[in-house]
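K.L.:
For the sequence shown, my numbering assigns the number 16 to the initial residue and increments by one for each residue that follows. Take a look at this one; I'll ask things after.
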Amino acid sequence: MPFKVAFIGAGSIGFTRTLLRDLLSVPEFHNIEIAFTDINERNLDMVTQLAQRDIDSNGLDIKIQATLNRRKALEGAKYVFNLVRVGGLEAFELDIEIPLEYGIDQCVGDTLCAGGIMYGQRGIPVVLEFCKDIREVAAEGCIMLNYANPNAMITWACNKYGEVPTIGLCHGVQHGHQQIAEVLGLKQEEVDIICAGINHQTWYIKVLHKGKDMTGMLLEAFEKHPVYSKTEKVRIDMLRRFGYYSTESNGHLSEYVPWYRKRPEEIKDWIDLSSWINGETGGYLRVCRESRNWFEVDFPSWLKEPPMEYAQEKRSQEHGSYIIEALETGRTYRGHFNVVNRGVITNLPYDAVVEVPGYVDATGIHIPVIGDLPLGCAAVCNASITVQRLAVEAAVRGDDLLLRQAMMMDPLVGAVCNPPEIWQLVDDMLIAQEQWLPQYKEAIAKAKERRAAEPRIPPKKGYRGAARLPEKTVEEMAREKEAAQKAEPQGQQ
16 MPFKVAFIGA GSIGFTRTLL RDLLSVPEFH NIEIAFTDIN ERNLDMVTQL
66 AQRDIDSNGL DIKIQATLNR RKALEGAKYV FNLVRVGGLE AFELDIEIPL
116 EYGIDQCVGD TLCAGGIMYG QRGIPVVLEF CKDIREVAAE GCIMLNYANP
166 NAMITWACNK YGEVPTIGLC HGVQHGHQQI AEVLGLKQEE VDIICAGINH
216 QTWYIKVLHK GKDMTGMLLE AFEKHPVYSK TEKVRIDMLR RFGYYSTESN
266 GHLSEYVPWY RKRPEEIKDW IDLSSWINGE TGGYLRVCRE SRNWFEVDFP
316 SWLKEPPMEY AQEKRSQEHG SYIIEALETG RTYRGHFNVV NRGVITNLPY
366 DAVVEVPGYV DATGIHIPVI GDLPLGCAAV CNASITVQRL AVEAAVRGDD
416 LLLRQAMMMD PLVGAVCNPP EIWQLVDDML IAQEQWLPQY KEAIAKAKER
466 RAAEPRIPPK KGYRGAARLP EKTVEEMARE KEAAQKAEPQ GQQ
């Protein structure tokens, strides 16, 4: 089955290798073409070396086409994985640190809230350029599989303005599925789930075991769990008050709603610092920076580690490879995908991007009708959809009024800041991120004039947040790795 798959943003070390392993574990795909492209030549080279070594060690005759020329990588591609982070960690730091000066304490900042909104402003115009290239040089009917955040906003823009069929993919549903099975004392494959909502705010509206709906048992099961009762306090509280468990991690979920991070003195009541994903201030930024610094220093050691094994039992639960496998081989796959609603969830907007069950086979991607979400769950999603709609239109038009309105309507930003603070926050973020926001040239010029001429509301300069942990140095990470290796039993790799 010769066809071409292109990875945009292939310098993402973990994700690229994982998705490639998943794809090449399909026996029918051992003669496909693979293209990697990235704007960072060094990262592209390092990841290509590792991935090509994996391919060679598995005995496949595939040579990765690695190029800085995006159009060359996309030429003739039937499927495209989008893995980009526009602005990299430099812009990500601004997404976290500037809102903190206004009291907006984010754990991740890549989906909603001030950071997610600005991430969308940087990413949407760039991804629409990807779509233009796909329309012009990729294979007819090329599908984009979008893993980039803010996932719903990017997927929305690509389908509405990019004119490229785009499916948003995320692993939140699978991770929550694992947790639910664990608290019920069951194996994941023994528990059937139906999720519906929007990306990172999807609800397990049915949890079935041997035909019995277990949804009503989840609250007590999570409250009694020795770990999750401490690490998932926000999710458990949302389950208590809305009746359904949410797909997203404690830290993510805490910044999408107005209740858990608006008062600094209360934030630690809702989060746990044993892992960044439980709610640490700027936690994802910290681990991303640590990982980048460590990978750059430790890259030679990566080349000495055993290559990845391409085998069915080694595949991850990421949807991407299974979708392509189903389309190409006809083997049916069921997963949860982010798609344009078009009436699938009847009490969410028709044009919004929703995360719902889907089936894939040789005839295409099929999305069954869900009907109404429970009213409370729909209300939470609708609040976020309003923000997404405003942010998408702002990014496409370069309209800073719509951008400011998106910030005002965001649940956490609106809970923490008043309108004058939000206006000034947007000015600050536009100015700081000018190099990635060409569509806002005029708005940024006016923001600079205001900053120079008008009295400023004093921001909290240097404020580190309510639950910040220090970033580890590469030396500290090296010592931890050495200690972990010494603690390993004899004979283990």
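Glycine residues also receive a C-beta, built at the ideal position from the N, C-alpha and C atoms.
Apply the 10 Å Cβ neighbour rule to V384 and answer buried if 16 or more other Cβ atoms are within range, or exposed otherwise.
P.N.:
exposed
K.L.:
Going along the chain, which residues of its own chain have a beta-carbon closer than 6 Å to the beta-carbon of G135, five neighbours each way excluded?
P.N.:
Here the set comprises P165, M168, A406, A410.
K.L.:
Taking buried to mean at least 16 other C-beta atoms within 10 Å of its own C-beta, is Q11 buried or exposed?
P.N.:
Absent from the structure is residue 11, since the part of the chain shown begins at 16 and ends at 508.
K.L.:
Quick one: what's E370 bridged to in DSSP?
P.N.:
G212, N353, per the DSSP bridge assignment.
K.L.:
Let me know the secondary structure DSSP gives M323 once reduced to three states.
P.N.:
coil
K.L.:
Using DSSP with H/G/I as helix, E/B as strand and the rest coil, what is A81?
P.N.:
strand
K.L.:
Thinking C-beta only, is A88 closer than 7 Å to A153?
P.N.:
no
K.L.:
Suppose the cutoff is 7 Å on Cβ atoms and the five residues either side in sequence are ignored; what does the same chain contact list for P140 look like?
P.N.:
If we look at P140 and ignore the five residues flanking it on each side, its Cβ neighbours are A410, Q454.
K.L.:
Would I213 and E370 qualify as a contact pair, given that the criterion is a beta-carbon distance under 7 Å?
P.N.:
yes
K.L.:
Excluding the five sequence neighbours on either side, which residues of its own chain have a C-beta within less than 7 Å of the C-beta of Q500, listed in chain order?
P.N.:
Model confidence at Q500 stands at a pLDDT of 48, short of 50, so the residue's coordinates are unreliable and nothing is read from them.
K.L.:
Would P434 count as contacting chain C if we go by Cβ distances under 7 Å?
P.N.:
Judged by its chain identifiers, the structure shown contains no chain C, having just a single protein chain.
K.L.:
Could you pull the DSSP bridge partners for F22 from this structure?
P.N.:
F51, F96
K.L.:
Buried or exposed: where does D287 fall if 16 or more other Cβ atoms within 10 Å of its Cβ makes it buried?
P.N.:
buried
K.L.:
Would you decide whether D125 is buried or exposed? Buried here means 16 or more other CB atoms lie within 10 Å of its CB.
P.N.:
buried
K.L.:
Going by CA-CA distance only, name the one from A481, N161, G358 that's closest to L34.
P.N.:
N161
K.L.:
List the endpoints of the continuous beta strand (DSSP E) containing L160.
P.N.:
Note, L160: beta strand (DSSP E), 158-161.
K.L.:
Rounded C-beta distance between P426 and G258? I'm assuming under 8 Å.
P.N.:
That pair is no contact at about 19 Å.
K.L.:
For my contact list, I28 and F352 are in at a C-beta cut-off of 8 Å; report their separation, rounded to the angstrom.
P.N.:
Not a contact, Cβ separation roughly 25 Å.
K.L.:
Would you list the one or two residues that DSSP bridges to D228?
P.N.:
L223
K.L.:
Counting only runs of 4+ residues fully inside the stretch 427-460, write out the alpha helix (DSSP H) ranges in chain order.
P.N.:
Every alpha helix (DSSP H) of 4 residues or more that sits fully in the stretch 427-460 is shown, in chain order, as 434-447.
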